[in-house]
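Trainee: As they're listed, the protein sequences go chains A and B.
If you read the first sequence in the UniProt record's numbering, its first letter stands for residue 1, the second for the next number, and so on.
If you read the second sequence in the UniProt record's numbering, its first letter stands for residue 1, the second for the next number, and so on.
Built from N, CA and C at the ideal position, the CB exists for glycine as well.
Only a predicted model underlies this, so the values are computations on that prediction, with no experimental measurement involved.
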Amino acid sequence: MRQLPVIFKRELASYFATPLAYVFIVIFLVLSGVFTFYLGGFYESGQASLVAFFNFHPWLYLFLVPAIAMRLWAEERKSGSIELLMTLPITRFEAVTGKFLAAWAFAGLALLLTFPMVLTVNYLGEPDNGAIITGYIGSWLLAGAFLAIGSCMSALAKNQVIAFILAVSVCFLFIVSGFPLVLDAFSGWAPQWLLDAVASLSFLTRFDAISKGVIDLRDLLYFVTLIAAWLAATAVVVDLKKAD
Amino acid sequence: MKRTLYSGAGLLLIALAFLAFNMLSGLTLTNARVDLTEQKLYTISDGTRKILGEIDEPINLYFFYSDKSAKDLMGLRNYARRVEEMLKAYERAADGKIKLHVVDPEPFSEDEDKAAEFGLQAVPLQQGGDQVYFGLAGTNSVDHTQIIPFFPLDQEEFLEYEISRLVQSLAKPERPVVGVMSGLQLNGGFDMATRQPTAPWMVMEEIRQLFQIESLKSDIDQILEKVSVLLLVHPKDLPQQTQYAIDQFVLRGGKLLVFVDPLSEADSGMEMPGEPGGERGSSLDALFKAWGVQMLPGKILGDGANAMSVSMGQDKPPARHAAWLNLPSHSLDQSDVSTAGLENITVATAGILRPLDGAKTHFLPLIQSSEYSMPFDVQRFTMLADPEELIRELEPTGERYTVAARISGPAQTAFPEGIEGQKDGLKAADNINVIAVADTDLLSDRMWVQVQDFFGQRVPQPWADNAGFAINALDNLAGSEALISVRSRGRFSRPFDVVEKLQRDAEVKFREQEQELQQRLADTEQKLATLQQNQDPAKALELTPEQQAALQQFVQEKLRIRKELRDVRFQLNSSIEDLGRKLKFINIALVPLVLTLGVLVLWFWRRRRKA
């Protein structure tokens, strides 16, 4: 556990050693602004709330977060540095969690840089700032969930592009599991409880509830356990593949 | 191989643990939530808790929701879950006094029959799909039934109010008593002009169907205990003892719906013998003052944007009347139960309500005029030949005036010394409940309904929601104080104040310029008319060169003025669009630009250090 901060720092610093961090943040900020104002019609809606802003986060993350996550393990494996990493006196748990936390902190930083949106909406009217705070919490948890999935996919594939595609696909399934697209596959034969269980896996429903302003312990636990489960899976996969 | 097997098992175990945990937590942790919204929109309010605490006899609630039929409708499913959890919260908070039954009325089942028996509505949500039930029925120990036929998805903000109202009407099932005191002939009377008896006002017929009516004379000195709401219409020079009775009634928790009017068109001015016929205003000044509210004396609301077209007789085009208003839904407070969901309310020569400076009570406008409004003097209406004059005289102040308001909060008596013979009445109350409306005409049939005689039965065909407003207000007031407080929770609409102000300013500017240009147009026309008058009758059809020149000038001037008006209109929204552009830039490009700059600076610095 003592090595966790070391991994975290090393990993976080590595983002800023290359232009990657900068490019990611700029793309994220521009896209979220464009989506909010042009697709979401934020200004025209005349309502002081950030619904139009948060609504697009799941879709933005779907492509941007796997892009951060894809290098987490794939690069280490490709360059062979994973063997060095594994010979260091650190546990797999420390390595997996440290890398994940660094990526998550980085995503959080990108999210924080959207602060002009909060200032804007407070300038224009009197928004419900409680709901805005939960919106940010929900968005960050969502990014964490995407990252955990991306981390596992990155551990699974040696090639970063493949890791990216895998991560996007799995994340997409989690997004749409509340939609007829997925439910239809079950609705013919599965019992209602299973259908509800599948629907309850949807990121969208969970995120929607949180960004409305209500933090339900179940939604919180959902994201936390989802992250924990995918990180555990990452650890298993890293262990399995480290020799490949 | 062994390794892969172990890993595979490990992954499967992780997935199963995750699924099992979340299914379990979904079933068990149903009440652990923090509501961080400003108004605690997702938490049961104290008002509801109070209502639940007062239930004596057990109540059964049947939540009918077609779970299976709605399996593909995520929006509905989410809302249904919300309703169900809300109901469960009621069940928990009621401490055993409420028993909740969740029923999925499958097609052709006994449950479906039961839902239909209760009078619930089944809604077909897809073409050829099953019908979906999504409503609530409640019964009490004496088998009174109350229902919410269907939960509309767009009225989530009233969910708690509707459920609480249902619970309360089951807990206290007797029909509330409405005391009616009126200076107008609400119950029908005698028309002096036609020498015919007149029918009762339709609004009274509708009120009678929902409430028990108790007619009160306008000189009484006490309002009966059993009256829960007092409907006071057109109070004119009420004797002191009656005013005192109303004062005491309101202070002891009685609810009041009062309609006053600076100029009541429905008042024939003939009912009270010995009174000069011209005086058709009413007020309740002393009491209003005690409640921190005022109807502007001698003022009538004019509104250019909501002026109604009134018929001016045969062969004449209808004219717009700036004091006869058709107030659309955005003039009505959509977050208050009494006005939400109504389409339009019409008023005629209405007054203006205003909170008094330093008032302790809370003044919530329910019906408001547009920004193109101004107060007219009531005298202006005594000799009004052509209503179009009003429109021309209208100089909008940019302010929205209040026609109806809800007044609540702490209030003092209007009679601190009491009155003769009654010295030791109530002096103050922590909370009063009054809805004041500055128009009486909105109640009269001609302002909102056409009544057709259908085989001796009077069938109303409403074209405005005036009666709906009166009934909603009575219904809301007839509920307990706790129920009324459930209402006052959500302000769901959060408009861009800054943009609205820009819009108001721009429109005032537009009106000013428009008026100036209209004035110039009128002047030009005037000049032309003068020229024509000087004309020799013999040469009626010929135009002198001066006239021709003037005509030419007139046409050109008119074209120019039109163009200017167009330009002004075009510029109307420019400041708003400007702000929008700035905000877009700030939110899309500013931070990325600053970041780029930072990265460049960093790069140069590093390079120089290296060099």
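(1) For chain A, is any of its Cβ atoms less than 8 Å away from the one on Trp605 of chain B?
(2) Output yes or no for whether 8 Å exceeds the beta carbon distance between Gly138 of chain B and Gln121 of chain B.
(3) For the beta strand (DSSP E) holding Asn60 of chain B, just list the boundary residues, first then last.
(4) Quick one: measure Cβ to Cβ for Ile44 of chain B and Ile98 of chain B, integer angstroms, because I've assumed they're closer than 8 Å.
(5) Which residues in chain A sit within 9 Å of Asn22 of chain B, going by Cβ to Cβ distance?
(6) Express the C-alpha separation of Ser264 of chain B and Glu275 of chain B in angstroms, rounding to a whole number.
(7) Is Gln553 of chain B helix, strand or coil when you go by DSSP?
(8) In this structure, what does DSSP give as the bridge partners for Arg607 of chain B?
(9) Just the Cα atoms here: how many angstroms apart are Glu174 of chain B and Ser228 of chain B?
(10) Tell me whether the beta-carbon of Ser200 of chain A lies closer than 8 Å to the beta-carbon of Gly26 of chain B.
(11) Output the residue ranges of the alpha helix (DSSP H) runs that lie fully inside the region 280–309 of chain B and measure 4 residues or longer, sorted by chain position.
(12) Report all residues from its chain with a CB closer than 6 Å to the CB of Met181 of chain B; omit the five preceding and five following residues, and keep chain order.
(13) Using a C-beta cutoff of 8 Å, does Arg400 of chain B count as contacting chain A?
(14) Evaluate Asn122 of chain A with the Cβ neighbour count: other Cβ atoms within 10 Å of its Cβ, from every protein chain shown; 16 or more gives buried, anything less gives exposed.
(15) Relative to the alpha-carbon of Pro180 of chain A, which residue among B:Phe158, B:Asp333, B:Ile367, B:Asp72 has its alpha-carbon at the smallest distance?
(16) Would you be able to state if there are at least three C-beta pairs under 8 Å between the region 142–152 of chain B and the region 445–454 of chain B?
(17) What does Leu29 of chain A touch in chain B if you count any residue whose Cβ is under 7 Å from its own?
(18) Let me know the beta strand (DSSP E) ranges lying completely inside the region 427–458 of chain B, each 3 residues or longer, listed in chain order.
(19) Can you tell me the Cα-Cα spacing of Ala17 of chain A and Ser32 of chain A, whole angstroms?
(20) Using 8 Å as the limit for Cβ to Cβ distance, is Thr4 of chain B near chain A?
(21) Less than 7 Å between C-beta atoms, sequence neighbours within five positions excluded: which residues of the same chain meet that for Gly41 of chain A?
(22) Between the C-alpha atoms of Gly490 of chain B and Leu12 of chain B, what's the straight-line distance to the nearest angstrom?
(23) Under DSSP, the beta strand (DSSP E) around Trp140 of chain A begins and ends at which residues?
(24) If you run the structure through DSSP and keep just helix, strand and coil, what is Glu83 of chain A?
(25) Determine the closest residue to Ala350 of chain B out of B:Asn344, B:Leu572, B:Gln368, B:Thr339, with distance taken between C-alpha atoms.
(26) Return the bridge partner residues of Tyr133 of chain B from the DSSP annotation.
(27) Looking only at its own chain, which residues have a Cβ that is under 6 Å from the Cβ of Arg280 of chain B, when we skip the five neighbours before and after it?
(28) Nearest to Leu221 of chain A by alpha carbon, out of B:Ala20, B:Asp578, B:Asn472?
(29) If I follow the unbroken alpha helix (DSSP H) through Gln209 of chain B, where does it start and stop?
(30) Kindly indicate which three-state DSSP category Trp104 of chain A falls into: helix, strand or coil?
(31) Could you check whether the Cβ of Val26 of chain A sits closer than 8 Å to any Cβ belonging to chain C?
(32) Interface residues of chain A around residue 614 of chain B at Cβ under 9 Å?
(33) Would you say Ala436 of chain B and Ala405 of chain B are within 8 Å of each other, going by their C-beta atoms?
(34) Using a 10 Å radius around the Cβ and a threshold of 16 neighbouring Cβ atoms, would you call Pro273 of chain B buried or exposed?
(35) Report back the beta-carbon spacing between Leu224 of chain B and Val258 of chain B to the nearest angstrom; my notes put them in contact at under 8 Å.
(36) Does the beta carbon of Ala438 of chain B sit closer than 8 Å to a beta carbon anywhere in chain A?
Mentor: In short:
(1) By 1-based counting over the second sequence, the position of residue 605 of chain B is 605. With 8 Å as the cut-off, Trp605 of chain B does not count as an interface residue toward chain A.
(2) By 1-based counting over the second sequence, the position of residue 138 of chain B is 138. By 1-based counting over the second sequence, the position of residue 121 of chain B is 121. Going by C-beta atoms, Gly138 of chain B is not nearer than 8 Å to Gln121 of chain B.
(3) Numbered from its first residue, the second sequence carries residue 60 of chain B at position 60. Counting along the chain, the beta strand (DSSP E) containing Asn60 of chain B begins and ends at 59–65.
(4) Taking the first residue of the second sequence as 1, we reach residue 44 of chain B at position 44. Taking the first residue of the second sequence as 1, we reach residue 98 of chain B at position 98. So it is not a contact: roughly 12 Å between Cβ atoms.
(5) The residue given as residue 22 of chain B occupies position 22 in the second sequence. Within chain A, the residues near Asn22 of chain B are Ala197, Ser200, Leu201, Arg218, Leu221, Tyr222, Thr225, Leu226.
(6) Taking the first residue of the second sequence as 1, we reach residue 275 of chain B at position 275. Taking the first residue of the second sequence as 1, we reach residue 264 of chain B at position 264. Its pLDDT being 42, under 50, Glu275 of chain B is placed unreliably by the model, and nothing is read from it.
(7) Within the second sequence, numbered from 1, the residue matching residue 553 of chain B stands at position 553. Here Gln553 of chain B sits in helix by DSSP.
(8) The residue given as residue 607 of chain B occupies position 607 in the second sequence. Bridge partners of Arg607 of chain B: none, in fact.
(9) Position 174 of the second sequence, counting from 1, holds the residue named residue 174 of chain B. Position 228 of the second sequence, counting from 1, holds the residue named residue 228 of chain B. If you take the alpha carbons of Glu174 of chain B and Ser228 of chain B, they lie about 12 Å apart.
(10) Residue numbering aside, residue 200 of chain A sits at position 200 when the first sequence is read from its first letter. Residue numbering aside, residue 26 of chain B sits at position 26 when the second sequence is read from its first letter. Taking 8 Å as the Cβ cut-off, Ser200 of chain A and Gly26 of chain B qualify as a contacting pair.
(11) 285–290
(12) Position 181 of the second sequence holds residue 181 of chain B. For Met181 of chain B, where only same-chain residues beyond five positions count, the Cβ hits under 6 Å are Leu216, Ser218, Leu232.
(13) On the second sequence, position 400 is the one that residue 400 of chain B refers to. No, no contact with chain A.
(14) Residue mapping note: residue 122 of chain A aligns to position 122 of the first sequence, counting from 1. Exposed, since its Cβ has fewer than 16 Cβ neighbours within 10 Å.
(15) Indexing the first sequence from 1 puts residue 180 of chain A at position 180. Ranking the options by Cα distance to Pro180 of chain A, first place goes to B:Asp72.
(16) no
(17) In the first sequence, the residue the question calls residue 29 of chain A occupies position 29. Correct list: Val591, Pro592.
(18) 428–437, 449–454
(19) Sequence index remark: in the first sequence, residue 17 of chain A carries index 17 (1-based). Sequence index remark: in the first sequence, residue 32 of chain A carries index 32 (1-based). In a straight line, the C-alpha of Ala17 of chain A is about 25 Å away from that of Ser32 of chain A.
(20) Within the second sequence, numbered from 1, the residue matching residue 4 of chain B stands at position 4. By this cut-off, Thr4 of chain B is an interface position.
(21) Residue mapping note: residue 41 of chain A aligns to position 41 of the first sequence, counting from 1. Contacts found: Ala52.
(22) Counting from 1 along the second sequence, the entry for residue 490 of chain B is found at position 490. Counting from 1 along the second sequence, the entry for residue 12 of chain B is found at position 12. Its pLDDT being 48, under 50, Gly490 of chain B is placed unreliably in this model, and the coordinates cannot settle the point.
(23) Along the first sequence, read from residue 1 onward, the residue named residue 140 of chain A stands at position 140. Here Trp140 of chain A belongs to no beta strand (DSSP E); instead the alpha helix (DSSP H) covers 129–156.
(24) Position 83 of the first sequence, counted from the start, is the residue given in the question as residue 83 of chain A. DSSP places Glu83 of chain A in helix when its eight states are reduced to three.
(25) For this step, residue 350 of chain B is matched to residue 350 along the second sequence. For the residues B:Asn344, B:Leu572, B:Gln368, B:Thr339, the minimum Cα distance to Ala350 of chain B belongs to B:Gln368.
(26) Position 133 of the second sequence holds residue 133 of chain B. Tyr133 of chain B is bridged to B:Ala122.
(27) Taking the first residue of the second sequence as position 1, residue 280 of chain B is located at position 280. Answer for Arg280 of chain B: Leu263, Ser264, Asp267, Gly269, listed in chain order.
(28) Translated into the one-based positions of the first sequence, residue 221 of chain A becomes position 221. The residue with the shortest Cα to Cα distance from Leu221 of chain A is B:Ala20.
(29) Here residue 209 of chain B refers to the residue found at position 209 when the second sequence is read from its first residue. Its alpha helix (DSSP H) spans residues 202–210.
(30) The residue given as residue 104 of chain A occupies position 104 in the first sequence. Trp104 of chain A falls in the helix class under three-state DSSP.
(31) In the structure shown, chain C cannot be found, because the protein chains are A and B.
(32) With chain B covering only 1 through 611, there is no way to say anything about residue 614 of chain B.
(33) Within the second sequence, residue 436 of chain B is the residue found at index 436, counting from 1. Within the second sequence, residue 405 of chain B is the residue found at index 405, counting from 1. Yes.
(34) Taking the first residue of the second sequence as 1, we reach residue 273 of chain B at position 273. Low local confidence applies: a pLDDT of 43 at Pro273 of chain B is under 50, so the model's placement there is unreliable, with the coordinate-based value given in what follows. Exposed, by the Cβ-count rule.
(35) By 1-based counting over the second sequence, the position of residue 224 of chain B is 224. By 1-based counting over the second sequence, the position of residue 258 of chain B is 258. Contact flag wrong, Cβ pair sits at about 18 Å.
(36) To locate residue 438 of chain B, count along the second sequence from 1; it is residue 438. For Ala438 of chain B, the answer is no, since every Cβ of chain A falls outside 8 Å of its Cβ.
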